[in-house]
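Under the numbering used here, the sequence shown has 165 at position 14, and the numbering climbs by one with no breaks.
Reviewing the structure listed below.
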Amino acid sequence: MKKANLPTKLCVTCQRPFAWRKKWEKCWENVKYCSQRCRRQAKSNSTCE
């Protein structure tokens, strides 16, 4: 797969696009966040409400 042809998604937290990575090969449909920082931020926001 060439980099230009990789699938992309929008991060649930920051709304930035991010591309498929090899480490997400088996769980790409479950990936929601572009980074650990966005994952932590989403969890901290949901527990405060």
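Cβ coordinates follow ideal geometry from the N, Cα and C atoms, glycine included.
From a predicted model like this one, the values you see are computed outputs, not experimental measurements.
Excluding five sequence positions before and after Lys183, the CB atoms of its chain that fall closer than 7 Å to its own CB belong to Val163, given in chain order. If you draw a straight line from the Cα of Trp171 to the Cα of Asn181, it is about 12 Å long. Relative to Pro168, the option among Ala193, Asn196 and Pro158 whose CA is nearest is Pro158. Rounded to whole angstroms, the Cβ separation of Cys165 and Cys185 is 7 Å, and the two are in contact under 8 Å. Assigned with DSSP and collapsed to three states, Lys173 falls in helix.
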